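Below you'll find the structure, written out as structure tokens, and then a few comments.
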Amino acid sequence: MSHPSSSPPVTYHGALRDYLARPGEATLQQAYEVGRAAMSAGLGVFDVIRLHHQALNDDVAARDPTAIVRCAPLLEKFLLETLSPFEAAHRGFRRSWEGLEQLNTALAGHNEALALSNAQLEEEVTLRQRTEAQLRESKDHYFELFQKAHAMEENLRDLSAQILTAQEQERKRISRELHDELGQTLNTANVAIAILSEHATPDVRLRKKIAEAERLLVVCMEKVHAFACELRPPMLDDLGVHAALHSHVVSFKRTTKIAVKLGSHPGLARIDGQRGEVLFRVAQEALNNVLKHAHATHVTIDFSATPEALCMQIADDGRAFSVEDKLGKPTGRLGLLGMQERVRLVHGTFVIESAVGRGTRVTVQIPFTPAVGDTVAA
Amino acid sequence: MPTATLSPLSTLSPLGLSDSQTKIRSTVDIVIARQRGRATATSLGFKEAEVTLIAAAISEVARNIVDHAERGELAIDVIDENGRQGIRIVARDQGPGIADVPKAMTYGYSTRRGIGMGLPGAKWLMDEFAIVSAAGQGTLVTMTKWMPQDGAHAYAA
Chain A
886 MSHPSSSPPV
896 TYHGALRDYL
906 ARPGEATLQQ
916 AYEVGRAAMS
926 AGLGVFDVIR
936 LHHQALNDDV
946 AARDPTAIVR
956 CAPLLEKFLL
966 ETLSPFEAAH
976 RGFRRSWEGL
986 EQLNTALAGH
996 NEALALSNAQ
1006 LEEEVTLRQR
1016 TEAQLRESKD
1026 HYFELFQKAH
1036 AMEENLRDLS
1046 AQILTAQEQE
1056 RKRISRELHD
1066 ELGQTLNTAN
1076 VAIAILSEHA
1086 TPDVRLRKKI
1096 AEAERLLVVC
1106 MEKVHAFACE
1116 LRPPMLDDLG
1126 VHAALHSHVV
1136 SFKRTTKIAV
1146 KLGSHPGLAR
1156 IDGQRGEVLF
1166 RVAQEALNNV
1176 LKHAHATHVT
1186 IDFSATPEAL
1196 CMQIADDGRA
1206 FSVEDKLGKP
1216 TGRLGLLGMQ
1226 ERVRLVHGTF
1236 VIESAVGRGT
1246 RVTVQIPFTP
1256 AVGDTVAA
Chain Y
14 MPTATLSPLS
24 TLSPLGLSDS
34 QTKIRSTVDI
44 VIARQRGRAT
54 ATSLGFKEAE
64 VTLIAAAISE
74 VARNIVDHAE
84 RGELAIDVID
94 ENGRQGIRIV
104 ARDQGPGIAD
114 VPKAMTYGYS
124 TRRGIGMGLP
134 GAKWLMDEFA
144 IVSAAGQGTL
154 VTMTKWMPQD
164 GAHAYAA
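Protein chains in written order, with the working numbering: chain A, 886 to 1263; chain Y, 14 to 170.
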């Protein structure tokens, strides 16, 4: 108690004595202040009740034991007054506790909602992780497929290279066989017939027959020779690619009446058999195409060189065609693809350009090392 | 509570309940206010225990005036709302006021320490409690205790 207007501190005993002497609001207010003081001092309800009973024993019962019964209503009123601060505190705690309880309930609700949304979130995360894993797997799968496809393509190219090489060797073998064996045999037969005709009877009919056989034999020999040349010009191996090309062009001009201008380059003399063979085959196939599809009147075959490559360009003035159609679709004819594969085999480049009104131009570059003195294009 | 209702605080006009109005300046006035409150509550039919608690609430708000504002007024009135009767106590002063009302109403926050005392103690003892105050504007406390409905507060008898 600190308010300045109060009298010196009153004890429980004193307050009860005052109240019993003059029951009224003033002494009740004093009782209330005693209760406040007790609570401020840290006393509890039990302490106040003990104080009450001590005061009853000391001040009331000691003087007049019957007073306790007579004054019971007054004594109760006094006790209630001293206890009312404790009642206020008690009610305050109860209401605060109720508020806390409501808060806890609300909190539990929030927690539940939070747990639910957490669970949903976790589910979403799991789903996302699963999807990501699947995406990763399918990506790996496609990469594997791509690698397999790539490997298969490589295998195919190797195979086609082997086939081309085997084909060329076989042609060489057959060509040589035709030349050496069949050509020799036919030659011997021709000599035999010549001897036969010298010793023949003057029978005109027989001589005619012998002459006929001789002529047929020569035609056969020429055909065998031409066939062998077409399969594999012996000149390619013996005299080099330019001589072989020259021979081919001469016979092409003779049979097709298409004007062909064949250029030359010193580098041609220095390229190896395999590269020469590629150039020859490409030129042969290009001329074949001109004859079959282009309806051209003039063809030029030119050579040039860069520091790294020998370049052959075959141009005609014929009808153009779609390069994509020829290269992209399986047409059953291996002409263009064959050229491409052969060039690839020697690590060269192969370009076909075809435009309406400008004919077709095939450009092949084959890597080689030019010697000093070779004319090298800028 | 909106601060606009603070304006009535600045006039010292009677609360309009002249019969029940008590000037509060000292402990003696607290006793008078308690007596009036007790009489009004008893006449309304409150049980003795409840009457004691109403007197305790009056003690707290009146002491708040004596301790902090030196003087003020306290009005006790019987009210009737929708057939429900109760006792309403209005305490007003022109003192320094309370700068932070929520803090002042926090349990245990009191210049006179102790839980269940001061304005928070009065709040717990009454059914309704409203306080309007601001620094330099005085304080207005309005609190109500309703007559218990049938059967309620059986233990308080």
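Virtual Cβ for every residue (Gly too), placed ideally from N, Cα, C. Just so you know, these numbers come straight off a predicted model, no measurement behind them.
*Distance, Cα to Cα, R1061 (chain A) vs V1134 (chain A)?*
Between the C-alpha atoms of R1061 (chain A) and V1134 (chain A) there is a straight-line separation of about 22 angstroms.
*Between T65 (chain Y) and T990 (chain A), what straight-line distance do the alpha-carbon atoms span, to the nearest angstrom?*
Between T65 (chain Y) and T990 (chain A), the C-alpha separation is close to 35 angstroms.
*asked:* Within 10 Å of its beta-carbon, does A1111 (chain A) have 16 or more other beta-carbons around it, so buried, or fewer, so exposed?
replied: exposed
*Out of A:H1127, A:S1132 and A:M1224, state which residue places its alpha-carbon closest to the alpha-carbon of E1115 (chain A).*
A:S1132
*Nearest candidate by alpha-carbon position, reference R1229 (chain A), set A:R935, A:L1121, A:H975 and A:P1252*: A:P1252
*Roughly how many whole angstroms lie between the Cα atoms of Q1032 (chain A) and I1186 (chain A)?*
41 angstroms
*Would you kindly report the start and end of the unbroken beta strand (DSSP E) that includes Q1250 (chain A)?*
G1244 to P1252
*Runs of alpha helix (DSSP H) wholly within the region 1145-1211 of chain A (minimum 4 residues, chain order)*: Here the runs fully enclosed are 1158-1174.
_So, with DSSP's three-state summary, where would you put Q1054 (chain A)?_
helix
_Between which two residues does the alpha helix (DSSP H) holding L1124 (chain A) run?_
Annotation for L1124 (chain A): no alpha helix (DSSP H) segment contains it, and DSSP assigns it neither H nor E.
*Measure the alpha-carbon distance for E1055 (chain A) versus T1086 (chain A) and round it to whole angstroms.*
46 angstroms
_For the region 130-152 of chain Y, list every residue whose C-beta sits within 9 angstroms of some C-beta in chain A, in sequence order._
M130, P133, G134, A135, K136, W137 and L138
*G920 (chain A) and T967 (chain A) look like a contact to me (Cβ under 8 angstroms); what is the Cβ gap, rounded to whole Å?*
4 angstroms
*Can you pull the chain A residues whose beta carbon is under 8 angstroms from the beta carbon of I100 (chain Y), in chain order?*
Here the premise fails: no neighbours, minimum Cβ distance about 16 angstroms.
*Does the beta carbon of R38 (chain Y) come closer than 7 angstroms to any beta carbon on chain A?*
At a cut-off of 7 angstroms between beta carbons, R38 (chain Y) makes no contact with chain A.
*Determine contact between the region 976-992 of chain A and the region 70-85 of chain Y, defined as no fewer than three beta-carbon pairs at a distance below 8 angstroms.*
With contact defined as three or more Cβ pairs closer than 8 angstroms, the region 976-992 of chain A and the region 70-85 of chain Y are not in contact.
_With H, G and I counted as helix, E and B as strand and the rest as coil, what does DSSP make of S39 (chain Y)?_
In the structure shown, S39 (chain Y) sits in coil (DSSP, three-state: anything other than H, G, I, E or B).
*At what residues does the alpha helix (DSSP H) containing F931 (chain A) begin and finish?*
Looking at the DSSP string, the run of the alpha helix (DSSP H) that includes F931 (chain A) is V930 to A940.
*Counting contacts by CB-CB distance shorter than 7 angstroms, is A170 (chain Y) in contact with chain A?*
Its pLDDT being 41, under 50, A170 (chain Y) is placed unreliably in this model, and the value from its coordinates should be taken loosely. A170 (chain Y) does not count as touching chain A.
*Report the partner residues of T155 (chain Y) according to the DSSP bridge assignment.*
The partner list for T155 (chain Y) (beta bridge, DSSP) reads Y:V103 and Y:A143.
*Terminal residues of the beta strand (DSSP E) in which F1235 (chain A) lies*: T1234 to A1240
*Any C-beta of chain A sitting closer than 7 angstroms to the C-beta of R47 (chain Y)?*
yes
*Give the secondary structure of Q915 (chain A) by DSSP, where H, G and I count as helix, E and B as strand, and everything else as coil.*
helix
*Please list the residues of the region 66-80 of chain Y that have a C-beta atom closer than 9 angstroms to any C-beta atom in chain A, keeping them in chain order.*
L66, A68, A69, A70, S72, E73, R76, V79 and D80
*With a 10 Å radius around its C-beta and 16 neighbouring C-beta atoms as the bar for buried, classify R1015 (chain A) as buried or exposed.*
exposed
*Do you know how far the Cα of L965 (chain A) is from the Cα of I67 (chain Y)?*
12 angstroms
*Please report the Cβ distance between V1184 (chain A) and I1237 (chain A), rounded to the nearest whole angstrom; I am assuming they are in contact, meaning their Cβ atoms lie under 8 angstroms.*
Not confirmed; about 14 angstroms, so no contact.
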